[in-house]
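Trainee: Can you read through this structure? Questions will come right after.
Numbering (my numbering), first residue to last: -3 to 739.
The following block contains the structure:
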């Protein structure tokens, strides 16, 4: 912990964010070489490092024909144009490698029509406009970020005949309402008026042409005409200074109070501009998008620390041919010394290599990853996480090269490519090594944006990782004044009342916002995401203000987010401690009984909010109650068996068996046929939830769709199916936790 150096992390970040590094760009490939160089360093490198390349479909704006948003007068002439680039306030926003703001994967086109304001672009927002009597066919919708995903705004708009979509960031959502240049970067951490949030508008994750297959030369590729998940209509993001020009001149009914923002005017719905405004009343908005799709090579980089042995390294091995570990052997043959593990792996060793003897290549992995690509300089997103990854790998690599340490289990560091376009590098990796990773991965640790701000830790993860994170943070001092641990500081900002533990820090759940998504939703691997963030009682910002803009620079981090880099160091120490606990502990520190709390809360929500409705349609929650009780009992019993073994000298093979039960529990919640409409989502506890009841997502969603249909309908049959899916998953999970000989 002491060797993790804040100054080195700072210098890592300076180098990583020195130039824009959009996925597949020359600078992105330069960083691939930087990572390989660091991980192959003779004094601080890892056992091996390798880069793998996938050919994937990416989306870029045309350099020859920039995307433009114009106001066109009654006679067809352009009377006003929105800014095409962000203001060059620090000399870093105007370089040739700064990509123009655009909506990745939005189709090209030049729609033109009257402007309407559609709040956040949710389905209910467009229905509200229709309720107000506004004709949406052929209009251009101005929407603001938040509420629903980027791509969903265009999908929802197209359903109502809208021709094009504009998206902006409202100062109310990101700047605490502040919007003047003297209140924003470089004078504060707030977003300047010209700032535009870039992003991918692709609905799914992974390479669009090779769903469920790795994007390698031998894989089948979908015909471009049949690719789904792209926005159906031209879409373009703009800055809030341009949104002010449009929105503050709109005609029509006053927008609802919840739709109002902080642009300094009353928001109206349209359509079209008012007669006494800055533009003629019958002026229209033209959105010209010239995006293009390109096949590009994108690289992942893997650095590997080979574990010594799983579950523990023996000091001797007997002559008997059957036992693998001598301490589990009961034969009379004398023990022979086992040669120490060699300091370096065979030259051919890689994640994709064939099997090696147990003592040379233990087959359990702890994965720690972050993406490498950014929209522009990406100092916060993602380089804050990569700066920490490089420092952690340096410290562990130094210990490795000195011969003073080697973990029990193998550690794999990963730098994923093309995450910003839809988690592409990590998804292709999970597709290529699906079976191997499912069989052997203990946990996946994600550190993407490692520092949003410097107030407190924020962790998202599946319930079994809670205990290892709590244990780690209780032993690391929090940055800042006072003598609090990270745990004690964390509990001040994010906490919940647990029926088991009392007041504890609250662990967020994992959606699909970063590279943990394919690991948890597709592979069923226990996962977590670790970061430092801001005090939510002091800001209404939905994320750090310069997110995905050209203002996300090294100086922005150095001056406003984390001066001194003590929060970066705190995240490095937390992640480092978690890695060591997962890779070195005799028993895996995954507490499966912590899932019982989640299941019990889901069950109670189903009983309270859905029970009466289900009874009306002759659907009983009895089997679900029994399944939850079975899981609770088996989880508690497994915990007791582990506790008993920890007090003695357990047979290492017995430990291995129990560790496998802990590792494989998360896989039991997978059902690849549960959500056929949701690509890659197969975890029945953490799939997307569209229903309002916070319970098992499949059940919640099905009940929401069936609520207004008659008994015996297909919708109610789906409710019964989803209930059966959950019950079967829970019973399977309970069976996994039972003693292996007990079927």
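Ideal Cβ placement from N, Cα and C applies to all residues, glycine included.
For clarity, every value in this text was computed on a predicted model and none was experimentally measured.
Could you round the C-beta distance between residue 259 and residue 236 to whole angstroms and report it? I think they count as a contact, below 8 Å.
Mentor: Their Cβ separation, rounded to whole angstroms, is 7 Å, which keeps residue 259 and residue 236 in contact under 8 Å.
Trainee: Leaving aside the five residues before and after residue 466 along the sequence, list all residues of the same chain whose C-beta is less than 8 Å from its C-beta, in chain order.
Mentor: Hits under 8 Å: 483, 500 and 501.
Trainee: Taking the alpha carbon of residue 42 as the reference point, which residue from 562, 393 and 514 has its own alpha carbon closest?
Mentor: The shortest Cα separation from residue 42 among 562, 393 and 514 belongs to 393.
Trainee: Between 578, 556, 703 and 690, which has its C-alpha nearest residue 182's C-alpha?
Mentor: Selected option, being the one with the closest Cα: 556.
Trainee: Keeping to the same chain, check which residues put their C-beta closer than 6 Å to that of residue 743; ignore five residues upstream and five downstream.
Mentor: Within the shown structure, residues of the chain are numbered from -3 to 739, placing residue 743 beyond reach of any answer.
Trainee: Near residue 257, which residues of its chain fall below 6 Å by C-beta distance, leaving aside the five closest residues on each side in sequence?
Mentor: Correct list, in chain order: 166 and 168.
Trainee: If you follow the alpha helix (DSSP H) that residue 483 is part of, which residue opens it and which one closes it?
Mentor: That run of the alpha helix (DSSP H) goes 482 to 489.
Trainee: Label residue 78 either buried or exposed according to how many other C-beta atoms from any shown protein chain fall within 10 Å of its C-beta, with 16 as the threshold for buried.
Mentor: The residue is buried, with at least 16 neighbouring Cβ atoms inside 10 Å.
Trainee: Just to check my reading of the structure: residue 615 and residue 722 have Cβ atoms closer than 8 Å, yes? What is that Cβ distance to the nearest angstrom?
Mentor: Not confirmed; about 13 Å, so no contact.
Trainee: Closer than 7 Å by C-beta to residue 590: which residues in its own chain qualify, once you throw out the five before and the five after it? Chain order, please.
Mentor: Within the same chain, residue 590 has close Cβ partners 459, 460, 462 and 463.
Trainee: From residue 739 to residue 432, what does the alpha carbon distance come to, in whole angstroms?
Mentor: The alpha-carbon atoms of residue 739 and residue 432 are separated by roughly 25 Å.
Trainee: Here's the rule: buried if 16 or more other CB atoms are within 10 angstroms of the residue's CB, otherwise exposed. What is residue 457?
Mentor: With 16 or more other Cβ atoms within 10 Å, it is buried.
Trainee: Does the Cβ of residue 699 have 16 or more other Cβ atoms within 10 Å, making it buried, or fewer, making it exposed?
Mentor: Residue 699 comes out buried.
Trainee: Using a Cβ-Cβ cutoff of less than 7 Å, which residues in the same chain neighbour residue 234 once the five nearest sequence positions on both sides are dropped?
Mentor: Contacts found: 65, 78, 162, 164 and 192.
Trainee: My understanding is that residue 280 touches residue 63, with C-beta atoms under 8 Å, so please give their C-beta distance in whole angstroms.
Mentor: That belief does not hold up - the Cβ atoms of residue 280 and residue 63 are roughly 17 Å apart, past 8 Å.
Trainee: For the candidate residues 435, 497, 683 and 532, whose alpha-carbon lies nearest to that of residue 448?
Mentor: Answer by Cα proximity: 532.
Trainee: Consult DSSP for residue 101 and reduce its assignment to one of helix, strand or coil.
Mentor: DSSP places residue 101 in coil when its eight states are reduced to three.
Trainee: Applying the criterion that 16 or more other CB atoms from any shown protein chain within 10 Å of the CB defines a buried residue, is residue 543 buried or exposed?
Mentor: Buried, since its Cβ has 16 or more Cβ neighbours within 10 Å.
Trainee: Give every residue of the same chain whose Cβ lies closer than 6 Å to the Cβ of residue 605, excluding the five residues on either side of it in the sequence, and list them in chain order.
Mentor: Only 689 meet the Cβ criterion.
Trainee: Below 8 Å, can you find three or more Cβ-Cβ pairs linking the stretch 1 to 18 to the stretch 367 to 387?
Mentor: Yes, they touch.
Trainee: Measure how close the beta-carbons of residue 361 and residue 437 come, nearest whole angstrom, since I'm counting them as under 8 Å.
Mentor: Rounded, the Cβ-Cβ distance is 5 Å, consistent with contact.
Trainee: Considering Cα atoms alone, identify which of 515, 14, 567 and 582 is closest to residue 527.
Mentor: When each option's Cα is compared against that of residue 527, the closest is 567.
Trainee: I'd like to check one pair, residue 53 with residue 209: are the Cβ atoms closer than 8 Å?
Mentor: Result no, Cβ atoms of residue 209 and residue 53 do not sit closer than 8 Å.
Trainee: Could you tell me the distance, in whole angstroms, from the CA atom of residue 94 to the CA atom of residue 672?
Mentor: Taking the straight line from one Cα to the other gives about 39 Å.
Trainee: Taking 8 Å as the limit between beta carbons, can you name the residues of its chain near residue 376, skipping five residues before and five after?
Mentor: Here the set comprises 445, 447, 448, 540, 542, 543, 548, 552, 553 and 557.
Trainee: Taking the runs of the alpha helix (DSSP H) that are 4 residues or longer, which of them lie wholly in the stretch 676 to 718?
Mentor: Counting only runs of 4 or more, we get 693 to 702.
Trainee: If you scan the stretch 531 to 605 from start to end, which runs of the alpha helix (DSSP H) of 4 or more residues do you find wholly inside it?
Mentor: Runs found: 562 to 580.
Trainee: In the DSSP assignment, find the beta strand (DSSP E) that holds residue 817 and state where it starts and stops.
Mentor: One cannot answer for residue 817 here, as it falls past the ends of the chain, which runs -3 to 739.
Trainee: Determine, using beta carbons only, whether residue 522 and residue 662 come nearer to each other than 8 Å.
Mentor: Yes, these two residues count as a Cβ contact at 8 Å.
Trainee: Sort 155, 293, 560 and 74 by Cα distance to residue 284 and report the nearest one.
Mentor: It is 74 whose Cα lies nearest to the Cα of residue 284.
Trainee: So is residue 735 buried or exposed if we call it buried at 16+ other beta carbons inside 10 Å?
Mentor: Residue 735 comes out exposed.
Trainee: When DSSP labels each residue in this structure, what does residue 456 get in the three-state scheme?
Mentor: In this structure, residue 456 counts as strand in the three-state DSSP scheme.
Trainee: Throw me the rounded Cβ distance for the residue 273 and residue 293 pair, which I believe falls under 8 Å.
Mentor: Rounded, the Cβ-Cβ distance is 49 Å, inconsistent with contact.
Trainee: Do residue 440 and residue 575 have their C-beta atoms closer together than 8 Å?
Mentor: Taking 8 Å as the Cβ cut-off, residue 440 and residue 575 do not qualify as a contacting pair.
Trainee: Could you tell me the boundaries of the beta strand (DSSP E) in which residue 468 lies?
Mentor: Counting along the chain, residue 468 falls outside any beta strand (DSSP E), though it belongs to the alpha helix (DSSP H) covering 462 to 470.
Trainee: Could you tell me if residue 291 is buried or exposed, where buried requires 16 or more neighbouring beta carbons within 10 angstroms of its beta carbon?
Mentor: With fewer than 16 Cβ atoms within 10 Å of its Cβ, residue 291 is classed as exposed.
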